[in-house]
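Novice:
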Amino acid sequence: MDLLIIRHGQSEADILNVIEGRADFALTDLGHRQAALMARWAASYMRIDKIFSSSLKRARQTAEKLSAAARAPVEFSDELMEWNNGLIAGLSREDAQEKYPEPKPKHPHVAVYEQESAIEFRARAETALSKIINENPPDAKIAIVSHGGMIAKLFQSFLMLPFGAKIGIRSGDTGAHHWKIEGDARSVVFANSLIHLDELTKEESQ
Numbered sequence: 005m006d007l008l009i010i011r012h013g014q015s016e017a018d019i020l021n022v023i024e025g026r027a028d029f030a031l032t033d034l035g036h037r038q039a040a041l042m043a044r045w046a047a048s049y050m051r052i053d054k055i056f057s058s059s060l061k062r063a064r065q066t067a068e069k070l071s072a073a074a075r076a077p078v079e080f081s082d083e084l085m086e087w088n089n090g091l092i093a094g095l096s097r098e099d100a101q102e103k104y105p106e107p108k109p110k111h112p113h114v115a116v117y118e119q120e121s122a123i124e125f126r127a128r129a130e131t132a133l134s135k136i137i138n139e140n141p142p143d144a145k146i147a148i149v150s151h152g153g154m155i156a157k158l159f160q161s162f163l164m165l166p167f168g169a170k171i172g173i174r175s176g177d178t179g180a181h182h183w184k185i186e187g188d189a190r191s192v193v194f195a196n197s198l199i200h201l202d203e204l205t206k207e208e209s210q
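Here it is as structure tokens:
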């Protein structure tokens, strides 16, 4: 099985400098361009049989572009949404700090401000990945469109890292990761590829 994991494009929250998480912002004009370039590249890089995507707007819009380019069906899932950051979602960082000072939960099962606990977040990633791996053919080529925080948890789950492992992965706007499962072996082919955005980089330098 091949898994192509993709983060959504730039969202309105990025330029408004607010805390996003579960706040449901759309893509910016740049985000739409990033998603279109990613979709064109991904469709040429790999035959995609099916796409699974977070149901949040920024991921949905990214996945729809990929679906059109790859001619692959897309299934939207709440399980692939970003970390549930509760009451701070959509607030400016200043307002969030004033209203909800950053606490440090003593235990990973503890949550504050109507948020998801660290254990709940990891468990949601484990569940989403398990369904995708086990409910699709072993030779399937699957794309997953999600968010930076969730992709980091999916990465830990994919590599079967223990809950407390301080190992993660970063994803840029429309950053792509290729993971492979061959029998019992799991491997990372590449991480956070942004080669599809070279066209934008060239334009900015002119």
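With this note's numbering applied, the sequence shown corresponds to residues 5 to 210, in that order. Glycine included, every Cβ here is placed at the ideal spot set by N, Cα and C.
#1: Ordered along the chain, which non-local residues of its own chain (more than five positions away) have a Cβ less than 7 Å from that of Gly299?
#2: Using 8 Å as the threshold, is the region 96-108 in touch with the region 63-71, meaning 3 or more CB pairs across them?
#3: Would you check if there are 3 or more beta carbon pairs closer than 8 Å linking the region 44-54 to the region 135-148?
#4: Say whether the region 24-35 touches the region 181-193, bearing in mind that this needs 3 or more beta-carbon pairs closer than 8 Å, one atom from each stretch.
#5: Just to confirm the assignment: which complete alpha helix (DSSP H) runs, minimum length 4, are found wholly within the region 124-199?
#6: In this structure, how does DSSP classify Leu95 when only helix, strand and coil are distinguished?
#7: Have a look at Ala47 and Leu165 and give me their C-alpha separation to the nearest angstrom.
#8: Does the region 35-50 touch the region 72-85, meaning 3 or more C-beta pairs lie closer than 8 Å?
#9: In angstroms with no decimal places, state the Cα-to-Cα distance between Pro105 and Gly187.
#10: When you compare only the Cα positions, how much space is there between Leu163 and Val192?
#11: Can you check which of these residues, Phe167, Lys110 and Asn88, is closest to Ile123 by C-alpha distance?
#12: Can you check which of these residues, Thr32, Ser15, Leu41 and Leu7, is closest to Leu198 by C-alpha distance?
#13: Could you tell me the distance, in whole angstroms, from the CA atom of Leu7 to the CA atom of Lys145?
#14: Suppose the cutoff is 8 Å on Cβ atoms and the five residues either side in sequence are ignored; what does the same chain contact list for Ala93 look like?
Specialist: According to the data block:
#1: With the chain covering only 5 through 210, there is no way to say anything about residue 299.
#2: Cβ pair count under 8 Å is below three, so no.
#3: As far as the Cβ criterion goes, the region 44-54 touches the region 135-148, which means the pair count is three or higher.
#4: With the cut-off at 8 Å, the region 24-35 and the region 181-193 do not touch.
#5: The qualifying runs are 152-162.
#6: Reduced to three states, the DSSP call for Leu95 is coil.
#7: Looking at the backbone, the Cα of Ala47 and that of Leu165 are separated by about 30 Å.
#8: Contact between the region 72-85 and the region 35-50 is present, with at least three C-beta pairs closer than 8 Å.
#9: Straight-line measurement puts the Cα of Gly187 at about 47 Å from the Cα of Pro105.
#10: Separation of Leu163 and Val192 (C-alpha to C-alpha, rounded to the nearest whole angstrom) is 9 Å.
#11: Here the closest residue by C-alpha is Phe167.
#12: Of the listed residues, the one whose Cα sits closest to Leu198 is Leu41.
#13: Taking the straight line from one Cα to the other gives about 6 Å.
#14: Excluding sequence neighbours, Ala93 sits near Ile23, Glu24, Gly25, Arg26 and Ala27.
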